[in-house]
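Structure, as structure tokens:
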Amino acid sequence: MVHVMSESKSQVTLDVQVLRVGLVGLQESDLSSSCQRALASKGSLLQITRLDPGSIGLFCLDSENPFDLILIDCRVKGAGHNLACEIKKVCGDVLILGFIDEDFFNIEAMNDSAIDWFVNEQMAGIAMSWAIREGLVRRRGLIERELLRRQVEEASYNNEMTEVASTVLHNVGNVLNSVNVAVHVVHELVNQSSVILVQRIAELLKKHNESWEIFLTQDPKGKRIPPAIMKLGGHLIEEQQTVLKELEGLVRNIDHVKQIIISHQAMTKSRGLSESLSVVELLDQAVELSFQPGDAKWIRIQRDYQALPAVVIDRHQLLQILVNLLRNAKQSMQLQGGVNHLLTIRAEERTEEGLSVVVTIQDTGMGIAPEHLARMFTRGFTTKHDGNGIGLHSSMVTIHRMGGLLQAHSDGIGAGATLTLMLPVQGEAGQR
């Protein structure tokens with residue numbers, strides 16, 4: 003059974019959670035026996051609601067209490083790829099159930115460019131079991147994440163070791179969020195892969211094994227297969243490229259987690275290993291770790307890098323600081339809303355009071371209230387409803403240890419913010 007922890011320092015209370023399932027244009031009795039069995043197997047955990055097809059737009063907007071699974075009769079007006087995409091923005095999984103001739107339905111669905119969303123009656127039970135299982139996993143994940151957040155908020159920082167441990171949890175958690183996104187993308191691609199249609203086309207051809215030429219050139223169904231295969235080839239190439247890109251990102255993120263742990267272990271004993279490195283190179287790595295390909299739809303990243311001297315510093319501590327600052331800017335722009343955000347990253351050399359490299363990260367996000375500016379780097383201070391006040395504070399502490407400075411500026415709420423990082427150009431590689 004799924005539970006959530008309530009706020010209590012001495013004891014936690016468990017509240018039962020259910021999976022919300024919406025039926026659009028359907029009754030439970032309309033579903034195939036395999037679908038009904040899938041629902042019955044998790045009956046005590048499901049809250050099933052019949053939805054009027056005319057109210058689809060209304061429940062799509064209910065992001066406060068979204069459905070975890072939507073089942074739609076393919077005969078409902080407007081059912082298709084566009085509707086499924088809109089629902090997916092605020093809900094969990096979407097299954098559009100088909101109840102017509104299997105082979106014809108598959109070809110029509112593929113030609114409609116909606117193959118990822120359509121499930122015929124034969125596959126509906128399997129798909130529904132998977133969707134219910136994934137929905138429960140998501141619920142548990144959200145609850146566990148909420149529990150971890152509250153535990154971190156309640157944690158007291160009594161000494162330096164406690165602060166280091168909290169920083170590790172925060173930094174690793176940030177990376178794991180990206181890992182979770184990548185894993186979910188790959189998981190969905192594999193489970194909804196266009197490869198399944200290759201098998202179905204093969205079965206269709208097998209039925210006409212003795213007369214392929216006639217079937218492919220004269221039969222209405224057969225004539226649709228060649229263009230469908232050409233379109234399918236493009237889908238498969240796109241899937242392969244997406245999976246490869248996500249896997250490459252996973253490798254980078256996992257290596258980053260390892261280096262975070264190694265770096266903070268070194269901090270408990272000494273200052274860590276310094277090396278001569280390029281700040282520009284590290285900035286580009288931090289951008290890759292902080293943003294997903296889909297972010298390009300709503301944010302433009304502008305880089306302004308000057309020729310810079312190398313700095314001697316702990317690579318992985320500086321990388322984590324840059325990731326913290328970039329993700330803070332990204333979250334601020336997400337909270338601000340809109341699709342035309344600009345993130346400007348500058349790196350320049352300054353000579354006032356000694357040679358230094360200065361990195362500025364300017365966003366078009368929520369901005370900072372004047373009364374909050376002085377507290378931005380205070381331990382435990384946050385303006386986010388799900389924040390814990392660790393990221394900016396730990397970044398500031400680490401930068402001070404490196405001999406640098408971290409400053410914040412904003413003209414107020416709605417005016418965006420600029421974070422400035424100053425790094426000294428001094429020291430020798432290999433210093434501990």
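Under the numbering used here, the residues of the sequence shown are numbered 3 to 434, in order. Just so it is clear, CB atoms sit at the ideal spot from N, CA and C, and this is done for glycine as well.
| Check | Outcome |
| --- | --- |
| Going by beta-carbon coordinates alone, are Leu138 and Leu73 separated by less than 8 Å? | no |
| Specify the secondary structure class of Ala210 as computed by DSSP and reduced to three states. | Looking at the sequence itself, residue 210 is His, so the reference to Ala does not match. His210: coil per DSSP, three-state reduction. |
| With Met368 as the anchor, note down where its beta strand (DSSP E) starts and where it stops. | First-last for Met368: undefined, no H or E at that position. |
| Which residue spans inside the segment 326–354 form an unbroken beta strand (DSSP E) run of at least 3? | 343–352 |
| Quick one: what's got a C-beta closer than 6 Å to Gly27's C-beta in the same chain, skipping five residues either side? | Pro55, Asp75, Val78 |
| Using CA coordinates, which residue listed in Val183, Arg202, Ser196, Gln38 is at the minimum distance from Ile128? | Gln38 |
| By a C-beta neighbour count over all protein chains shown, 10 Å radius and 16 as the cutoff for buried, is Cys87 buried or exposed? | exposed |
| What residue from His210, Asn255, Val197, Leu421 has the CA that sits closest to Ser180's CA? | Asn255 |
| Comparing C-alpha positions only, which one of Leu150, Arg141, Leu144, Leu97 sits nearest to Ala126? | Leu97 |
| Can you list, in chain order, the residues of its chain whose CB lies under 7 Å from that of Leu337, leaving out five sequence neighbours each side? | Gly367, Met368 |
| Pick helix, strand or coil for Ala376, following the three-state DSSP scheme. | coil |
| Enumerate in chain order the residues of its own chain whose CB-to-CB distance from Asn160 is below 8 Å, with the five nearest sequence positions on each side excluded. | Caution is warranted here: a pLDDT of 43 is assigned to Asn160, below 50, making its placement in the model unreliable, and the coordinate value is therefore given only provisionally. For Asn160, where only same-chain residues beyond five positions count, there are no Cβ hits under 8 Å. |
| State the start and end residues of the unbroken alpha helix (DSSP H) segment that holds Ser35. | 35–43 |
| Compute the Euclidean distance between the alpha carbons of Ile227 and Gln242, then round it to the nearest angstrom. | 22 Å |
| Quick check on the DSSP output: the beta strand (DSSP E) that includes Gln409 runs from which residue to which? | 407–411 |
| Where does Gly137 sit, in a helix, a strand or coil, going by DSSP? | helix |
| If I follow the unbroken alpha helix (DSSP H) through Ala86, where does it start and stop? | 83–90 |
| Would you give the residue range spanned by the alpha helix (DSSP H) that Glu1 belongs to? | Shown here, the chain extends from 3 to 434; a query on residue 1 therefore has no answer. |
| Looking at the structure shown, is Asp297 part of a helix, part of a strand, or coil, going by DSSP? | helix |
| Under the DSSP definition of a beta bridge, which residues are partnered with Gly24? | Thr51, Ile72 |
| Looking only at its chain, what residues have a beta carbon closer than 7 Å to the beta carbon of Leu321, apart from the 5 residues adjacent to it on each side? | Leu284, Gln287, Ala288 |
| Determine the closest residue to Leu199 out of Thr384, Lys233, Glu30, with distance taken between C-alpha atoms. | Lys233 |
| On the DSSP bridge list, what partners appear for Met424? | Val360, Leu407 |
| If I follow the unbroken beta strand (DSSP E) through Ile315, where does it start and stop? | 313–315 |
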